[in-house]
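Chains A and B, in that order, are what the protein sequence lines are. Numbering of the first sequence is given in my numbering, commencing with residue 6 and proceeding in unit increments. Numbering of the second sequence is given in my numbering, commencing with residue 16 and proceeding in unit increments.
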Amino acid sequence: MPDKSKIVETDRSLYDFRYEENAKDYHREKSGITREIVENISKEKDDPEWMREFRLHCLEIYNRTDMPDWGPDTSGLDMNQIAAYVRHKAKMQSDWEDVPEEIKNTFERLGIPQAERLSLAGVGAQYDSELVYHNLRKEVAETGVVYTDLESAMKGEYEEMIKTHFMKLVPPTDHRYAALHGAVWSGGSFVYVPKGVKVDIPLQSYFRLNAAGAGQFEHTLIIVDEGADLHFIEGCSAPKYNVANLHAGCVELYVAKNAKLRYSTIENWSKNMYNLNTKRAIVEENGIMEWVSGSFGSHVSYLYPTTILHGANSKMEYTGITFSGAGQDLDTGAKVIHQAPNTTSVMASKSIAKDGGIGTFRSSVVINSKAVNSKASVSCDSLMLDSISRADTIPAMDIRTDKADVGHEARIGRISDEAVYYLMSRGIKEADARALIVSGFADSVSKELPLEYAVEMNNLIKLEMNGNM
Amino acid sequence: MAEKGTVLLDVKRVTAGAGEKTILNGLNLKIKTGEIHVIMGPNGAGKSTLGHTIMGSPEYKVQKGHIVYKDTDITKLSADKRAKLGIFMTFQDPIEVPGITLSAFIRNSIHEMTGKPIKIGEFNKKLSAYMDILKMDHSYAQRDLNVGFSGGEKKKAEILQMLMLNPELVILDETDSGLDVDAVRTVSEGVREFVKNGDKALLIITHTTKITEALNVDYTHVLVGGKIVKTGSGKLIDDINAEGFDKYIKVGEN
């Protein structure tokens, strides 16, 4: 018998590798969350005074807020063991050649520079706590699109814009990790798409957490102005460690009248990661918000992209897939709040659980009394690959008007032996047959992704599936 | 490629079933290259079970006896290994698999079977030619495997896979049931194309026997109670169609 765990380890090498680092090239804050550490981060970043005060305010909220008492167990996460801030001493670059060797090699192995050349309008790359690279194609920059790190944007002409939007959609009082985020946030991207500008190829930010026992707290703030159009892709990965890592990022998306934003995520955190991430969007009249989300990694996830349909006729669509394997408890889903008439929301989720993994789809639909003639539909398909895994669906609905059209469906199934046998009878090995069926199940999500990402997602599925055999 | 007249498949006193239930009862069957065999029998006699037992379905376990294919004992081999040795079976109800097109699936299978990829130009040429024989709209090649195919298109897609994968022993499981006259004719055309050089062997499981009309059947077997109770020439089909199974059922019960 081959050693099963070995296969997984070898195969994960695409994400698990780590280049030799020299500790003296890095600035690492002490572990734990204290006033001193928050002050240090603020000083490191040379924050404007309002930001320094905001961080300290958030710290206070954090200290008096408990962990939510629902959802997966987070007792393995000891905040005293987490280093909130780790950065390479090199400055952020706009040319890959100038990025420090081991960091550049890391991103090259992940295929980021190649993707930038082939199919992206701009790329941001974050390594631990700071951006190491940010670049936007010249022709896109000329249309007035801004794509940069939040720190420098905050000190320039966009300071006011950031001040009026930063952590307004996700206030620090939202939950414990939103407060923590506000106190120690670092890195992330700021995007502004001016009125009427349609960016026809995607922008991508890639987040790599390489340091053991560290936290990543990047903040993504995107403002798509009236009639503008953007596709933003976010990718995340980390090598595996035996200690807990924490990701508590925050994404705030503003979609103006007649604007459209698609936000795609392929998340493959290593399986020692606590992914306690908060994503929220507000959509104005006739605006469209689309979420595409693939969650493969992490030990524990709490992730529910939320959309506030604030303007009449606004729409949101959520397409997500979650794959939970051994030792993973992934609580994912979406939320929507209909606040205006004629708003529409569609959530379609797929969930795959194997080797004792737990996948929970948690959704919430709120239609308030002003949101007449709104439509909401929620569907969730789960596929369990064995009898020791779990798939749950927890839908919540709060409808405050009679004039709304709301639908919900959930299905839970298993891979049929007959289907596996059918494929095997055409010469396909059992493991490949199972992977093929799982890919097929995930197909409605892959179709929503740009080709290269669909390929990556299928590779991730194969990786997860073959580790099984 | 096996020479005409050599024994391809040898089913030796096979007792097999699903779970506790025994369906095949010490069944013997020998098939040589170049031969066309037909299996007939009343419902529940074990016709499909025989086919799936030869193909290697995990649903059926061989409790006694052996299945030998070209000198290899395949009794314990998985279906994919049997497929690689040259066995193919068309399914009564092929599974729908979203996410992979019919064309990509066949290419993938050929790659698996032969261990090397097939050149796309050569592949497409063959695929088009066979689709024409089967009167299949070429757009089906780019549709997801069996997804939303009608019953008839599914059966044609099975025959298309048979032609493309080019196995040596083919089990046709009720390929002609549920098809209209024209579709049966078309599917028969595909099967005739397949056996035209006399270097293949067919085991046809049929209820309606429509598909046998266009083929030169060498042997007809009557399966009752998990056993072959009568073997005759192709002419036996006509007798059965005229008289039914009644007189064989008695034999099977003893």
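We put the CB at the ideal spot given by N, CA and C, even for glycine.
- Item | In DSSP terms, what C241(A) is bridged to | F212(A), E272(A)
- Query: Using the C-alpha atoms, what's the distance from T30(B) back to K45(B)?
  - Reply: 15 Å
- Message: Cβ closer than 8 Å: which chain A residues qualify as neighbours of F209(B)?
- Response: In chain order: nothing, as chain A lies at least about 16 Å away.
- Message: Checking the sheet assignment: what are the DSSP bridge partners for C255(A)?
- Response: H224(A), T283(A)
- Should R33(A) and V91(A) be called a contact, given that it needs their Cβ atoms to be closer than 8 Å? yes
- Query: What does Y132(A) pair with, by DSSP beta-bridge criteria?
  - Reply: E135(A), R213(A)
- Round the Cβ separation of I133(B) and I125(B) to the nearest angstrom and send it over; I've been treating them as touching at under 8 Å. 5 Å
- Please confirm if the region 21–38 of chain B is in contact with the region 447–466 of chain A, defined as three or more CB-CB distances below 8 Å between the two stretches. no
- Query: When you compare only the Cα positions, how much space is there between L184(B) and L23(B)?
  - Reply: 8 Å
- Task: Using a Cβ-Cβ cut-off of less than 8 Å, give me the residues of the region 168–179 of chain B that come near chain A, in sequence order.
- Result: Q176
- Are the beta-carbon atoms belonging to T246(B) and Y234(B) less than 8 Å from one another? yes
- Task: Flag this pair as yes or no: are the beta carbons of F237(A) and E223(A) separated by less than 8 Å?
- Result: no
- Message: Which residues in chain A have a C-beta closer than 9 Å to the C-beta of A98(B)? List them in chain order.
- Response: M429, S430, R431, G432, I433
- For L123(A), is the classification buried or exposed, using 16 other Cβ atoms within 10 angstroms of its Cβ as the cut-off for buried? exposed
- What runs of the beta strand (DSSP E), each 3 residues or longer, lie entirely inside the region 29–93 of chain B? 36–47, 51–55, 76–84
- Message: Tell me the rounded alpha-carbon separation between D195(B) and K171(B).
- Response: 13 Å
- By a C-beta neighbour count over all protein chains shown, 10 Å radius and 16 as the cutoff for buried, is F260(B) buried or exposed? buried
- Task: Note the first and the last residue of the continuous alpha helix (DSSP H) segment covering I252(B).
- Result: 250–258
- Item | Own chain residues within Cβ distance below 8 Å of G204(B), not counting five before or after | In the sequence as presented, Gly is not what sits at residue 204(B); that position holds Glu. Closer than 8 Å at the Cβ level, and outside the excluded window around E204(B), lie I148, L149, A229.
- Task: Taking only beta-carbon positions, decide if I110(B) is within less than 8 Å of chain A.
- Result: yes
- Message: Is T398(A) close to the ligand NAP? I mean its beta-carbon at under 7 Å from any heavy atom of the ligand.
- Response: The ligand NAP is not part of the structure shown, which contains no ligands of any sort.
- Item | Euclidean distance between Cα positions of M177(B) and I226(B) | 16 Å
- Query: Is there at least one Cβ from chain B nearer than 8 Å to E453(A)'s Cβ?
  - Reply: no
- Query: When the distance is taken between beta carbons, is I38(A) closer than 8 Å to Y20(A)?
  - Reply: no
- Can you check whether the CB of A409(A) is closer than 8 Å to the CB of S379(A)? yes
- Message: Checking 8 Å against the spacing of the C-beta atoms, do V341(A) and S354(A) come in under that value?
- Response: no
- Task: Sort V237(B), T190(B), I243(B), S192(B) by Cα distance to L251(B) and report the nearest one.
- Result: V237(B)
- So, is V202(B) buried or exposed, given that buried needs 16 or more other C-beta atoms within 10 angstroms? buried
- Query: So who's on the other strand from L238(B), going by DSSP bridges?
  - Reply: I243(B)
- Task: Please confirm if the region 369–386 of chain A is in contact with the region 328–344 of chain A, defined as three or more CB-CB distances below 8 Å between the two stretches.
- Result: yes
- Query: Since A436(A) meets chain B, which of its residues come closer than 7 Å, beta carbon to beta carbon?
  - Reply: Result: empty, since nearest Cβ-Cβ is about 10 Å, beyond 7 Å.
- chain B contact for S444(A) (CB, 8 Å cutoff): yes
- By Cβ distance, which residues of its chain are closer than 6 Å to K210(A), with the 5 residues on each side in sequence left out? Checking the sequence, you will find Ser at residue 210(A) rather than Lys. Contacts found: G129, S194, E239.
- Query: Which term fits K265(A), buried or exposed, when burial requires 16 or more other beta carbons within 10 angstroms of its beta carbon?
  - Reply: buried
- Alpha-carbon spacing of K85(B) relative to K215(B), whole angstroms: 13 Å
- Message: Am I right that E469(A) and G330(A) are in contact with their C-beta atoms under 8 Å? What's the rounded C-beta distance?
- Response: 6 Å
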